[in-house]
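J.: Numbering (my numbering), first residue to last: 4 to 344.
From the three backbone atoms N, C-alpha and C, an ideal C-beta is built for every residue, glycine too.
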């Protein structure tokens with residue numbers, strides 16, 4: 004089998020998803036490594052369930068386009084128009100004049116074809132949707148939320164932060180990460196339910212930071228960034244902002260962002276049904292059957308749920324979150340078990 008340019012091959016073990024990535028040119032691996040570097044493995048897998056992802060660059064769109072029904076169209080990550088197509092076990096994501104990504108879940112063959120010289124479109128718009136489809140086949144279901152861990156060391160209780168686009172999820176998560184919390188993901192969390200309860204882990208993708216966020220959080224100016232594919236934003240390596248080692252953990256709290264206010268940070272208890280409605284509404288495009296719904300319901304059932312209206316002083320936001328009884332209970336339980344000090 005021809006594995007690509009110079010026999011380049013990268014193997015990843017993403018919490019049970021075995022993925023081989025084969026580039027036509029070595030440079031195409033770099034944007035994948037920016038997201039999946041913590042999962043690189045040297046283990047030689049020869050499993051029938053292994054997925055293979057091929058990366059290439061083309062100039063003729065008609066060579067790679069497939070005829071599938073369009074189930075969604077709109078603005079994709081990075082700000083370009085795009086479409087999501089699906090039929091049976093085949094999926095395709097089209098970023099207009101930028102890239103086409105596809106996966107056949109039956110044969111476990113996937114590919115990303117760039118239609119431009121800008122390799123960043125692999126990261127912004129292609130890789131995460133493909134991973135979402137592959138991980139779903141392994142029992143992991145995506146939740147569009149930020150994820151933070153209390154404490155700097157592994158094992159602390161985990162908080163999920165969800166909210167509609169434009170509500171300030173990334174700004175809020177970054178503000179919390181400066182106050183005794185560690186960022187695990189700013190927008191892509193994977194969840195599953197088993198006999199031991201709900202489990203989550205965060206995918207540490209490069210973080211897109213809006214200029215307004217930089218103004219609100221002055222410490223971001225000290226960190227290096229590069230232009231995003233959308234020139235209005237900057238992109239920061241996730242390792243500069245959070246924990247790049249994605250470990251599975253039990254969630255303790257779900258926060259649903261509500262409109263900001265000009266007075267003070269405010270938390271209000273949410274009925275679990277209300278919290279579940281918020282989660283489902285924000286994830287309806289990726290809600291794949293009863294298993295995905297059960298994962299979200301399991302998270303809500305296991306967690307304390309609160310609406311959060313952020314006030315003006317982001318420097319003390321973490322103090323409001325640390326006062327939640329579910330976090331204190333989790334820390335006390337962990338301390339008795341000899342965990343986080």
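(1) My output table needs one value for residue 277: the three-state DSSP class, helix, strand or coil.
(2) Distance check for residue 102 and residue 325, CA to CA, integer angstroms please.
(3) Rounded to whole angstroms, how far is the Cβ of residue 298 from the Cβ of residue 194, which I believe are closer than 8 angstroms?
(4) Write down the C-beta distance between residue 308 and residue 278 rounded to the nearest angstrom, noting that I regard them as a contact closer than 8 angstroms.
(5) Which residues in the same chain have their Cβ closer than 7 angstroms to the Cβ of residue 132, if we skip the five residues on either side of it in sequence?
(6) Is residue 88 closer than 8 angstroms to residue 71 when the C-beta atoms are compared?
(7) Using only the alpha-carbon positions, how far apart do residue 40 and residue 122 sit?
(8) Below 8 angstroms on the Cβ atoms is my contact criterion, and I expect residue 1 with residue 125 to pass it. Report the Cβ-Cβ distance as a whole number of Å.
(9) Report the rounded CA-to-CA distance for residue 245 versus residue 255, giving the unit in angstroms.
(10) Is the beta carbon of residue 179 less than 8 angstroms from the beta carbon of residue 321?
(11) With the cut-off set at 8 angstroms, would you say residue 151 and residue 176 are in Cβ contact?
(12) Go through its chain and collect everything with a Cβ distance to residue 90's Cβ below 8 angstroms, but skip five positions before and after it.
(13) With 8 angstroms set as the bound, which would you pick, yes or no: does the beta-carbon of residue 314 sit closer than that to a beta-carbon of chain D?
(14) Identify which residue in 240, 93, 187 has its Cα closest to the Cα of residue 211.
T.: Taking the geometry as given:
(1) Residue 277 sits at position 274 when you count from the first residue of the chain shown. Here residue 277 sits in helix by DSSP.
(2) To locate residue 325, count along the chain shown from 1; it is residue 322. To locate residue 102, count along the chain shown from 1; it is residue 99. If you take the alpha carbons of residue 325 and residue 102, they lie about 43 angstroms apart.
(3) Position 295 of the chain shown, counting from 1, holds the residue named residue 298. Position 191 of the chain shown, counting from 1, holds the residue named residue 194. Contact holds; Cβ gap of about 5 angstroms.
(4) Taking the chain shown and counting its residues from 1, one reaches residue 308 at position 305. Taking the chain shown and counting its residues from 1, one reaches residue 278 at position 275. Sure, about 4 angstroms apart at Cβ, within 8 angstroms.
(5) One-based indexing of the chain shown puts residue 132 at position 129. Excluding positions up to five away in sequence, the list reads 96, 104.
(6) Along the chain shown, read from residue 1 onward, the residue named residue 71 stands at position 68. Along the chain shown, read from residue 1 onward, the residue named residue 88 stands at position 85. Yes, Cβ-Cβ distance for residue 71 and residue 88 is below 8 angstroms.
(7) As a first step, residue 40 is located in the chain shown; it is residue number 37 there, counting from the start. As a first step, residue 122 is located in the chain shown; it is residue number 119 there, counting from the start. Approximately 17 angstroms between the Cα atoms of the pair.
(8) Residue 1 lies beyond the stretch modelled for the chain, which goes from 4 to 344, so this question has no answer here.
(9) Within the chain shown, numbered from 1, the residue matching residue 245 stands at position 242. Within the chain shown, numbered from 1, the residue matching residue 255 stands at position 252. Going by the C-alpha atoms only, they are around 19 angstroms apart.
(10) If you number the chain shown from 1, residue 179 lands on position 176. If you number the chain shown from 1, residue 321 lands on position 318. Yes, they are a contact pair.
(11) Counting from one through the chain shown, the residue named residue 151 turns up at place 148. Counting from one through the chain shown, the residue named residue 176 turns up at place 173. Contact flag set, yes.
(12) Along the chain shown, read from residue 1 onward, the residue named residue 90 stands at position 87. Taken in chain order, the residues that qualify are 71, 72.
(13) No chain D appears in this structure, which consists of one protein chain only.
(14) For the purposes of this step, residue 211 is taken as residue 208 along the chain shown, with counting starting at 1. It is 240 whose Cα lies nearest to the Cα of residue 211.
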